[in-house]
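Below: one structure, written as structure tokens.
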Amino acid sequence: MEHDAGIRLLFVCLGNICRSPLAEAVMRRMVNERGLAEWISIDSAGTGAWHAGEPPDQRMRQVASERGVSMDGQRASQLQASDLDRYTHIFVMDKSNLHDTLYLDIEDRNGHKVRLFRELDPVPGDYQVPDPYYGGPGGFENVFGIVERTCAEILDRLVREYSLDSKSK
Ligand code: 4NP
Numbered sequence: 007m008e009h010d011a012g013i014r015l016l017f018v019c020l021g022n023i024c025r026s027p028l029a030e031a032v033m034r035r036m037v038n039e040r041g042l043a044e045w046i047s048i049d050s051a052g053t054g055a056w057h058a059g060e061p062p063d064q065r066m067r068q069v070a071s072e073r074g075v076s077m078d079g080q081r082a083s084q085l086q087a088s089d090l091d092r093y094t095h096i097f098v099m100d101k102s103n104l105h106d107t108l109y110l111d112i113e114d115r116n117g118h119k120v121r122l123f124r125e126l127d128p129v130p131g132d133y134q135v136p137d138p139y140y141g142g143p144g145g146f147e148n149v150f151g152i153v154e155r156t157c158a159e160i161l162d163r164l165v166r167e168y169s170l171d172s173k174s175k
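As structure tokens, then:
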């Protein structure tokens, strides 16, 4: 039987080809490893439409695959206002994503679901995940480290908050 714990995660960045699809892939792997796939669904979107329909950036895929994370089959999509209703937890990668996401919340219904991803980063520092798109390979490695440790923290918190340990299989 299909279960739905109602936990629907959405990661948001600008292009949906680097940071947020990586967070989606990393979180999906962690959720699968802990046997929680029936309880937590995961998705990502970009505030911009330029890359809609494209696979993730080759440089991000490379760094991910070197660390055992597959981004195969992912395709970019643009964030829609209806996504704010549909998802239960929305994590944005930087302050401009925060602005653009909240801007879609026309009736001020869903702001409580939206927060900066790095608010949950266990390593104190900047609140934003730097955009690696126009930089060198080091930027993608840096993003991977931030995303990996922050996704682990988010999942630990969800497991505690929703008592999911008793449900994993
Ligand atoms: P992302 O990176 O927001 O992490 O997917 C970017 C991808 C594309 C662009 C900017 C950032 N762009 O300007 O096309």
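Residues 7 to 175 (my numbering) make up the sequence shown, in order.
Even for Gly, the Cβ is constructed at its ideal location relative to N, Cα and C.
Just so it is clear, the structure is predicted and the values come from calculations on it, not from any experiment.
Supposed contact pair residue j and residue i - C-beta distance, whole angstroms, cut 8 Å
i: Val-69; j: Glu-147; result: 6 Å
i: Arg-115; j: Val-75; result: About 34 Å; that fails the 8 Å criterion.
i: Asp-137; j: Asp-106; result: That pair is no contact at about 13 Å.
Closest by C-alpha distance to residue i, when choosing among the options
i: Glu-125; options: Val-75, Leu-104, Tyr-93 and Glu-72; result: Leu-104
i: Pro-130; options: Leu-108, Gly-144, Phe-150 and Thr-156; result: Thr-156
i: Val-37; options: Ala-158, Leu-20, Gln-80 and Asp-106; result: Ala-158
i: Gly-79; options: Asp-162, Thr-94 and Pro-27; result: Pro-27
i: Gly-142; options: Asp-171, Lys-173, Asp-63 and Asp-127; result: Asp-63
i: Cys-24; options: Trp-45, Glu-44, Tyr-140 and Gly-41; result: Tyr-140
i: Leu-170; options: Trp-45, Tyr-133 and Val-120; result: Trp-45
Closer than 7 Å: residue i CB and nearest the ligand 4NP heavy atom
i: Arg-25; result: yes
i: Asp-137; result: yes
i: Leu-104; result: no
i: His-57; result: yes
i: Asn-22; result: yes
i: Gly-52; result: yes
i: Cys-19; result: yes
Test item: CB-CB of residue i and residue j under 8 Å
i: Ile-96; j: Leu-16; result: yes
i: Arg-14; j: Ser-47; result: yes
i: Ile-160; j: Val-135; result: no
i: Val-18; j: Ser-50; result: yes
i: Arg-67; j: Met-77; result: yes
i: Ala-31; j: Phe-123; result: no
i: Arg-40; j: Phe-150; result: no
i: Gly-117; j: Leu-110; result: no
The stretch 43 to 56 contacting the stretch 80 to 98, beta-carbon criterion three pairs below 8 Å
yes
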